[in-house]
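Asks: So the sequences go chain by chain: A and B.
If you're matching positions, the first sequence starts at 771 in the working numbering and goes up one per residue.
If you're matching positions, the second sequence starts at 35 in the working numbering and goes up one per residue.
Mind having a look at this structure? Questions to follow.
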Amino acid sequence: MKYLCLIYASEVDWANMPKERMDSLNKEYFDFTNDIKKSGQYVGGDALQPTQTATTVRVRNGKISTTDGPFAETKEQLGGYYLINAKDLNEAIQIAARIPSARDGSIEVRPVLVFG
Amino acid sequence: MLMPDDHGMAAQQATLAAERNEQIAALYRTDSRRILATLIRLLGDFDMAEEALHDAFTTALHSWPRDGVPQNPRGWLISTGRFKAIDRLRRAARFSAALTGVADQLEAAAPAPDALEEDSLHGLEDDRLRLIFTCCHPALTPDARIALTLREVCGLATEEIARAFLIPAPTLAQRIVRAKGKIRDAAIPYQVPTREELPDRLDAALHVIYLVFNEGYSASAGDSLTRHDLSSEAIRLGRLLTDLLPEPEAAGLLALMLLHDARRAARTSPDGELILLDDQDRSLWNHQQIREGSALVESALASRRFGPYTLQAAIAAAHTEAPTAQATDWSQIVGLYDVLLRVEPSPVVELNRAAAIAMRDGPAAGLALIDALLARGELADYHLAHSARADLCRRLGRVQEAIAAYQRALALTQQGPERRFLERRIAQLGAAPSPPH
């Protein structure tokens, strides 16, 4: 059995965080990740780019509809994730549209943050 | 020392230089957006392409008066812009090794010299479609799509767009920066949509054009002149899209805009008061534009692949083709609303259909539909629902009900001309315009 842990935090706080606080928070994340790696609990994880980079896809009556942003209806919650490999956002949208839950729920497509 | 002849030559040269500058300025007006569209493809970045465009025209201002205008000015500007961008990257690469790789890549992806010749114009037109569909990508916020399209496709300055939308220029600039950021970070590709993508993507592009047009047409606030420019810009965009992509709904939207815009001069009195369709002076309508719009509607309808924009345009055409308000073919209009309701159900379309029924079958039939619609609640706060009800009550002689409905409509609208129109109606029915508090 696997669990996905989704991290919700204030982007504004992250963006305005002083460097020292950011560094110590990063160290906490680093230590935590190391701990769960050592204990064999770690499967996979990535940091995502901020919500302004998100796209929402639905299929209604067989037609794809695409909108910006993560929350079209607040009663929908994230229920799982696929990490897919796509050459660009358009290809990712086409793949996301084939996920069954796109028909009654919605799929949020987020690019993964690449640390330079 | 200058000989008299040299004076003549200097003057002649100055005239020539001024002519060249004018030629370059004219080229900028007609071609800068096409050149930008191609540079974005070649360089893979909006900001880099804008800088390259600027560099290319600056270089032309220096070298064309000296060396003459090249055979293919557009191709020359594209390759000069591209070269300048790579040059900039190389200079910046002295401080960052990663940029050397980018510059090498761009250089290696050099288009063959003849790829920029006039015979590949078709490919360059694809770049303009790529630009439109990227700026109108549904993954961008609607506000950002509008800002980006007006900035990149139409070439309006950030300040001009901000003024037209009555928002501070820094806010608009920020919107554009964010949109470009998302294009880059989420990897929105610079592509013409595939067949499977086209329905969703065309909807998004048409919606952007429609919103720009409405902003200019309905003039919910602000300086009317500036806002009319937005309608013209939307019509220009609509023409560009129909030229590049012969899709019936694109033609339908262009027709809808042309038909509405054709009545602009008759919609308001000289002192800015609202004039309803029935009371408009039809000789003030732009009849050439109406003919063009009607022809577009007919071809879009004939394609049998039309949608809501074409149907709305067909309704507008039915109104504008009537020589007088009395001669309007209301049966045809009701029929078109029936089809529109099936394609795109909405309470506002039902309201308009009810108003058309009232014209075809009499005010009592229309009022029954509007009352049923209002009872459902969705339009309870929509001022036009109450003013339509008021109008039908007035025509049925139900004066008190009419006054109450006009007052309800008045309480729900902020728009100056609409408020004054409602106040006049209330006064005509012999009541004080403001409802008691």
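Backbone N, C-alpha and C fix where the C-beta goes; we use that ideal spot for every residue, glycine too.
With the cut-off set at 7 Å, would you say A/Ala-824 and A/Arg-880 are in Cβ contact?
Replies: Mapped onto the first sequence, residue 824 of chain A falls at position 54. Mapped onto the first sequence, residue 880 of chain A falls at position 110. Yes, the Cβ-Cβ distance between A/Ala-824 and A/Arg-880 is below 7 Å.
Asks: What residues from chain A crowd round B/Arg-212, counting only those whose CB sits closer than 9 Å?
Replies: Position 178 of the second sequence, counted from the first residue, corresponds to residue 212 of chain B. Residues of chain A passing the Cβ test: Gln-822.
Asks: Quick check on A/Ile-777: buried or exposed, where buried means 16 or more other Cβ atoms within 10 Å of its Cβ?
Replies: Position 7 of the first sequence, counting from 1, holds the residue named residue 777 of chain A. A/Ile-777 comes out exposed.
Asks: Between the beta-carbon of B/Gly-272 and the beta-carbon of B/Leu-288, is there less than 7 Å?
Replies: By 1-based counting over the second sequence, the position of residue 272 of chain B is 238. By 1-based counting over the second sequence, the position of residue 288 of chain B is 254. Their beta carbons are under 7 Å apart, which means B/Gly-272 touches B/Leu-288 by this criterion.
Asks: Check A/Asp-838 in the structure and name its three-state DSSP category.
Replies: As a position in the first sequence, residue 838 of chain A is number 68, starting the count at 1. The answer is strand: DSSP assigns A/Asp-838 an E or B state.
Asks: State the Cα-Cα distance for the pair B/Arg-218 and A/Ile-854, rounded to the nearest angstrom.
Replies: Here the question's residue 218 of chain B lines up with position 184 in the second sequence. Here the question's residue 854 of chain A lines up with position 84 in the first sequence. Whole-angstrom Cα-Cα distance: 18 Å.
Asks: I'd like to know whether the C-beta of B/Asp-234 is nearer than 7 Å to at least one C-beta of chain A.
Replies: For the purposes of this step, residue 234 of chain B is identified with residue 200 of the second sequence, where counting begins at 1. Closer than 7 Å: yes.
Asks: Any idea what DSSP makes of B/Thr-175, helix, strand or coil?
Replies: Position 141 of the second sequence, counting from 1, holds the residue named residue 175 of chain B. B/Thr-175: coil per DSSP, three-state reduction.
Asks: If you reduce the DSSP assignment to three classes, tell me which class A/Asp-805 lands in.
Replies: As a working note, residue 805 of chain A is residue 35 in the first sequence. Looking at A/Asp-805 - three-state DSSP - the assignment turns out to be helix.
Asks: Expressed to the nearest angstrom, what Euclidean distance is found between the alpha-carbon atoms of B/Ala-44 and B/Val-103?
Replies: Numbered from 1 along the second sequence, position 10 holds the residue referred to as residue 44 of chain B. Numbered from 1 along the second sequence, position 69 holds the residue referred to as residue 103 of chain B. Near 19 Å, if we compare the C-alpha coordinates of B/Val-103 and B/Ala-44.
Asks: Under 7 Å Cβ to Cβ from B/Ala-268, same chain only, skipping five residues before and after it: list those, please.
Replies: Counting from one through the second sequence, the residue named residue 268 of chain B turns up at place 234. Excluding residues within five positions, the ones whose Cβ falls inside 7 Å are Ile-243, Val-246, Phe-247, Gly-250 and Met-291.
Asks: Does A/Leu-859 have its Cβ less than 7 Å from a Cβ in chain B?
Replies: The sequence position of residue 859 of chain A within the first sequence is 89, counting from 1. True, the Cβ-Cβ gap to chain B drops below 7 Å.
Asks: Using the three-state DSSP reduction, which class does B/Leu-190 fall into: helix, strand or coil?
Replies: As a first step, residue 190 of chain B is located in the second sequence; it is residue number 156 there, counting from the start. Of the three classes helix, strand and coil, the one that applies to B/Leu-190 here is coil, per DSSP.
Asks: Assuming B/Ala-350 contacts B/Leu-293 under a Cβ cut-off of 8 Å, what Cβ separation, rounded to an integer in Å, is found between them?
Replies: One-based indexing of the second sequence puts residue 350 of chain B at position 316. One-based indexing of the second sequence puts residue 293 of chain B at position 259. That pair is a contact at about 4 Å.
Asks: Take B/Phe-340 as the anchor and find which of B/Glu-283, B/Thr-72 and B/Arg-179 has the nearest alpha-carbon.
Replies: Along the second sequence, read from residue 1 onward, the residue named residue 340 of chain B stands at position 306. Minimum Cα distance to B/Phe-340 is reached at B/Glu-283.
Asks: What residues from chain A crowd round B/Thr-64, counting only those whose CB sits closer than 9 Å?
Replies: Along the second sequence, one-based indexing puts residue 64 of chain B at 30. Within 9 Å Cβ-Cβ: nothing; B/Thr-64 doesn't reach chain A, min ~31 Å.
Asks: How many Å lie between B/Phe-405 and B/Ala-359 at the Cα?
Replies: Taking the second sequence and counting its residues from 1, the one referred to as residue 405 of chain B is at position 371. Taking the second sequence and counting its residues from 1, the one referred to as residue 359 of chain B is at position 325. It should be noted that the sequence gives Asp, not Phe, for residue 405 of chain B. Rounded to whole angstroms, B/Asp-405 to B/Ala-359 spans 25 Å at the Cα level.
Asks: For A/Ile-877, which residues does DSSP report across the bridge?
Replies: Residue numbering aside, residue 877 of chain A sits at position 107 when the first sequence is read from its first letter. A/Val-827.
Asks: Give me the Cα-Cα distance between B/Gly-450 and B/Ser-113, rounded to the nearest whole angstrom.
Replies: In the second sequence, residue 450 of chain B corresponds to position 416, counting from 1. In the second sequence, residue 113 of chain B corresponds to position 79, counting from 1. Going from the Cα of B/Gly-450 to the Cα of B/Ser-113 covers about 52 Å.
Asks: Given a limit of 7 Å on CB to CB distance, which residues of the segment 174-201 of chain B reach chain A?
Replies: Flagged, chain order: Leu-174 and Thr-175.
Asks: For a quick check, are the C-beta atoms of B/Arg-185 and B/Ile-210 less than 7 Å apart?
Replies: Your numbering for residue 185 of chain B matches position 151 in the second sequence. Your numbering for residue 210 of chain B matches position 176 in the second sequence. Against a cut-off of 7 Å, the Cβ pair of B/Ile-210 and B/Arg-185 comes out as a contact.
Asks: In terms of residues, what are the limits of the alpha helix (DSSP H) holding A/Phe-885?
Replies: Here residue 885 of chain A is taken as the residue at index 115 of the first sequence, counted from 1. Run containing A/Phe-885: none; DSSP gives neither H nor E here.
Asks: Could you round the C-beta distance between B/Arg-68 and B/Arg-162 to whole angstroms and report it? I think they count as a contact, below 8 Å.
Replies: To locate residue 68 of chain B, count along the second sequence from 1; it is residue 34. To locate residue 162 of chain B, count along the second sequence from 1; it is residue 128. Between B/Arg-162 and B/Arg-68 the Cβ distance is about 6 Å, and since that is below 8 Å, they are a contact.
Asks: For a contact defined as C-beta to C-beta under 7 Å, what are the partners of A/Ser-835 on chain B?
Replies: Within the first sequence, the letter at position 65 stands for residue 835 of chain A. Here the neighbours are Asp-234.
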